[in-house]
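Numbering (this note's numbering), first residue to last: 2 to 203. Ideal placement from N, C-alpha and C gives every residue a C-beta, glycine not left out.
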């Protein structure tokens with residue numbers, strides 16, 4: 002397969018994201034923290050953000066459903082940025098090397114519209130992308146086929162033209178089914194080797 006385009010996920014591929022970075026500061030007991038993440042601010046609850054629901058509405062809904070945790074969840078509205086760590090520097094280096102080789106680069110990320118707006122200008126490497134598709138702006142999320150179609154149609158390439166990089170096995174399976182050359186992200190070192198094999202890096 003000959004590919005000429007690279008599509009990156011953002012969270013935990015280029016930027017560290019972990020709910021525990023914030024809530025671990027607020028909940029000292031590890032068992033209580035695990036309960037909170039498994040039952041209160043779950044990954045499923047976070048999908049409402051990814052689909053475009055504003056952050057204040059998401060936190061209000063969760064707080065109403067779990068009033069005993071309202072004080073904790075309400076911290077999210079003003080401290081969401083603390084769920085992010087820094088850039089994954091080795092991945093950013095790969096991104097910049099691809100850009101230097103004039104490889105077309107796109108981002109396809111499950112991310113809230115308003116929360117992405119908070120950080121879009123904070124990470125300068127986002128300027129390397131030729132286009133970004135952010136789920137919260139589109140109202141659909143990975144692994145739904147529609148968001149992959151939006152990416153391809155908007156930016157004028159076919160799935161078979163592209164390498165897709167994501168840390169979610171479900172997203173990788175969906176992309177493979179659509180014809181993308183899909184790489185499950187585990188480490189930047191492994192990603193570098195995979196891109197070298199495809200002739201995208203030297």
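With 16 other Cβ atoms within 10 Å as the buried cut-off, status of residue i
i: residue 10; result: buried
i: residue 64; result: buried
i: residue 35; result: exposed
i: residue 122; result: exposed
For residue i, the residue or residues it bridges with in DSSP
i: residue 110; result: 135
i: residue 85; result: 18
i: residue 9; result: 108 and 166
Residue span of the alpha helix (DSSP H) that contains residue i, given as start and end
i: residue 57; result: 56 to 66
i: residue 162; result: Premise fails: residue 162 is in no alpha helix (DSSP H) and is neither H nor E.
i: residue 185; result: Taken as a continuous stretch (DSSP letters only), residue 185 belongs to no alpha helix (DSSP H), being part of the beta strand (DSSP E) at 182 to 185.
i: residue 1; result: Residue 1 cannot be examined here, being either before or after the span of the chain that is shown, 2 to 203.
i: residue 128; result: Counting along the chain, residue 128 falls outside any alpha helix (DSSP H), and DSSP gives it neither H nor E.
i: residue 32; result: 31 to 40
Of the residues the options, the one placed nearest residue i, counting alpha carbons only
i: residue 158; options: 179, 43, 13 and 55; result: 179
i: residue 170; options: 93, 186 and 156; result: 186
i: residue 23; options: 59, 82 and 60; result: 82
i: residue 188; options: 45, 105 and 91; result: 91
i: residue 145; options: 96, 174 and 117; result: 174
i: residue 155; options: 141, 162 and 134; result: 134
i: residue 25; options: 84, 66 and 104; result: 84
i: residue 56; options: 162, 117 and 191; result: 117
i: residue 140; options: 111, 132, 161 and 100; result: 111
Proximity test, residue i beta-carbon vs the ligand HEM heavy atom, cut-off 7 Å
i: residue 57; result: As far as ligands go, the structure on display features none, and thus does not contain the ligand HEM.
Cβ pair residue i, residue j closer than 8 Å
i: residue 138; j: residue 108; result: no
i: residue 13; j: residue 125; result: no
i: residue 32; j: residue 86; result: no
i: residue 89; j: residue 17; result: yes
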